[in-house]
Structures are given as C-alpha cells and as structure tokens.
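Here's the structure, in structure tokens; my notes come after.
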Ligand code: GLV
Ligand code: GLV
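In the numbering used here, the protein residues as written are 183 to 507.
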C-alpha cells in the first residue's frame, strides 16, 4: 500500500508524476487560491506527507488529527507557518528548500533596492501613461546606489549573496545578525554593526531575517525614525518583522525616503492597501524566489524530501534534525 501525499496547491504535471512514483497523490486543484482550512484538515487525517505552501498554517490542531503524518515539506526556506515544536514532539519531519533559492532571492532583493533608488516603478508608469513629453534634467531623478552604504539585517546565505552583488556596485556593506559572521567579514569585507548603529548608518536597510519571536515587529516607528531621512527600507524577508502601520506613519512623516517591499504583514494585500498610495513605495507580491528554474528546483527538492522521509531516510533539507536523535 503506497503512502498518501496531499499537495496544497496545483503543481506542474511533471512534479506530480514524480510524487506518484512513490505515493498516491491528492491535490488542491487551484493555482491561485490556497486550500481551505477545512479541506486541509480533512486531508491531513489520512496523509503520510503534506506538500505545503508558506500560506498554509500547520499547527497543533492539524497534528492532533493526523496520526499518520510523517513529513511536512514547505515550498520555501522560511517555515514560520509551521509549528516546529509540535512536529518535533510527534517525530514529524519538517522540510524546507534552503540554498537552491539563495541567488534567485538575492537577485530580487537587489532589484528591489535598485527599483526604489532609481524610481523605476514610477518611471515605467510615466512612459506607459503617455506623460513623457521631453527629456529634462531632473525628470524622475532618483538616488545613487554605488558608493552608498547597504545595511543588511539578517545575514544568512541570502544576505551574503546580496552583499556580493552590492560589492560589485561598489557599495559599503554593513550587517547585523544574531551571531557574528566571521567568515563573511573576512571573505566579503562586510562589517558587523549593532542593530541600532546599522539603522542609523545605512542608506539602504535591507531586512532578510526569518520571522521568529525575537524578530516579530522589530521594525517599529522608533526604528524608522532613527534611520536617515534619505534612507530606503527594503523588506524581502517576512512582513510581520515590520509594524506596518508604523512604516506607513514613517512614510507619511517622511522619516524615510521610501520602501521596497516583497512581503507584507498580511498577504495578499488589496489594491487599496494604504502603502500603495505612496509613489516612493514599490510593492511586489512575495516573489523573492520566483524564477521558473528556482521554483522548479524547489518543488523537486520538496518531492525528494518527502520521498526520503517516507522510505525511512533522512531528507536533504530539514528544520528539526533532532527527531533523528
Ligand atoms: C519565501 O519567502 C521563502 O521563505 O522561501
Ligand atoms: C543622457 O542620456 C546623457 O547623454 O547624459
């Protein structure tokens, strides 16, 4: 009897065939809408494995009714949607997709920085709306990137990959992280700063921290107020690291120059979200790792992680290794 794997979003046929080679597959057949909670819970009752999205809360209520569940494979590097302790207590492997998305996500984070600095969103709209009447000296003039200071908050692999890009643009790179990254300091010539110093010194503050108890609501009004008035805030990590109403207030008060956001406190956001009213805010729909190559590789990694757990092997990338001790 093959194990049963439930996939919470419609995936490409090629990926499903891979899962079908070792499991019976159930899938939520929508590309655009997340699986309703009630259906997820029904499916969890019989599932040996769950292939989840970062928008699916996986919690105690689900574990309690899922006696066969052995693996949850999240299509993301972040796993704040999953109760890890609850999974560990039950010996359920929680898997994610680190490493393979590092460079792609760094590309997006750096693009966001360039986009806000050089006002590319406004400039594209300007041309499309037929407003371009003449070349003029300060038309859509933005801010330089080269030789400015980038402050990276959360110096993991993605942070290091962004630092390499920034150094190519001749930026100065400072970082803050829970643990000092001595290797990065040597190899990339990035400099450590306490959080309070970093936010005062950086021309671009890039947030890449995972969402944890310690980082939740880290960026409040006080933090934005301490930033340079000419500084830009870029978030390519998790929206709940920011107090969004404080960011809105900081933009209103012109405490910062603008923001580039790939993530939001509550996703998705509507077209009338207050942040979208600011011309100096660029908003993206959480597409950090969204290249076709990388998303396919992430899906394949999730499949392989599930396969390994279901045949009793260790997965390639997991969050709670301690279940094997
Ligand atoms: C995306 O946000 C991820 O965690 O991979
Ligand atoms: C602008 O196009 C310039 O030639 O400076």
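Beta carbons: idealized from backbone N, C-alpha and C, even for Gly.
Three-state secondary structure assigned by DSSP to residue i
| i | result |
| --- | --- |
| residue 271 | helix |
| residue 206 | strand |
| residue 333 | strand |
| residue 266 | helix |
| residue 240 | strand |
| residue 232 | strand |
| residue 175 | Since the displayed the chain opens at 183 and closes at 507, residue 175 lies outside it and no answer follows. |
| residue 247 | coil |
| residue 441 | strand |
| residue 373 | strand |
| residue 458 | helix |
| residue 387 | strand |
| residue 417 | strand |
| residue 186 | strand |
| residue 259 | coil |
| residue 501 | coil |
| residue 276 | strand |
| residue 195 | helix |
| residue 588 | The displayed coordinates of the chain run from 183 to 507. Any statement about residue 588 would go beyond what the structure contains. |
| residue 368 | helix |
| residue 309 | helix |
| residue 361 | coil |
| residue 322 | coil |
| residue 378 | helix |
Whether residue i touches residue j by CB criterion (8 angstroms)
| i | j | result |
| --- | --- | --- |
| residue 513 | residue 464 | Residue 513 is absent from the model: the chain starts at 183 and stops at 507. |
| residue 250 | residue 275 | no |
| residue 187 | residue 217 | no |
| residue 308 | residue 314 | yes |
| residue 372 | residue 399 | no |
| residue 469 | residue 290 | yes |
| residue 262 | residue 242 | no |
| residue 447 | residue 421 | yes |
| residue 299 | residue 327 | yes |
| residue 349 | residue 370 | yes |
| residue 440 | residue 414 | yes |
| residue 387 | residue 445 | no |
| residue 382 | residue 411 | no |
| residue 380 | residue 356 | yes |
| residue 489 | residue 496 | no |
| residue 227 | residue 195 | no |
Distance cut-off 7 angstroms: residue i Cβ against heavy atoms of ligand 1
| i | result |
| --- | --- |
| residue 208 | no |
| residue 471 | yes |
| residue 343 | no |
| residue 260 | yes |
| residue 468 | yes |
| residue 283 | yes |
| residue 236 | yes |
Limits of the alpha helix (DSSP H) - the one that residue i falls within
| i | result |
| --- | --- |
| residue 256 | Segment 253-256 is the beta strand (DSSP E) holding residue 256; no alpha helix (DSSP H) there. |
| residue 432 | 426-434 |
| residue 406 | 403-408 |
| residue 466 | Per DSSP, residue 466 belongs to no alpha helix (DSSP H) and is neither H nor E. |
| residue 355 | That residue, residue 355, is in no alpha helix (DSSP H); its beta strand (DSSP E) goes 354-358. |
| residue 221 | 219-226 |
| residue 292 | 284-299 |
| residue 349 | 339-350 |
| residue 476 | 474-492 |
Beta-carbon contacts of residue i that lie in its chain and below 7 angstroms, excluding the five residues immediately before and after
| i | result |
| --- | --- |
| residue 428 | 402, 403, 406 |
| residue 279 | 257, 258, 259, 480, 483, 484, 499 |
| residue 238 | 190, 216, 217, 222, 263 |
Nonlocal neighbours in the same chain, by C-beta distance under 8 angstroms from residue i, ignoring five residues either side
| i | result |
| --- | --- |
| residue 305 | 322 |
| residue 221 | 210 |
| residue 254 | 231, 232, 234, 240, 264, 269, 274, 275, 276, 277 |
| residue 212 | 191, 192 |
| residue 493 | 204 |
Near ligand 3: residue i beta-carbon under 7 angstroms from a heavy atom
| i | result |
| --- | --- |
| residue 257 | For ligand 3, the structure offers nothing, since it holds only ligand 1 and ligand 2. |
Contacting residues, own chain, Cβ-Cβ under 6 angstroms from residue i (five flanking each side not counted)
| i | result |
| --- | --- |
| residue 286 | 471, 473, 476 |
| residue 353 | 330, 332 |
| residue 437 | 406, 407 |
| residue 284 | 339, 340, 343 |
| residue 362 | 374 |
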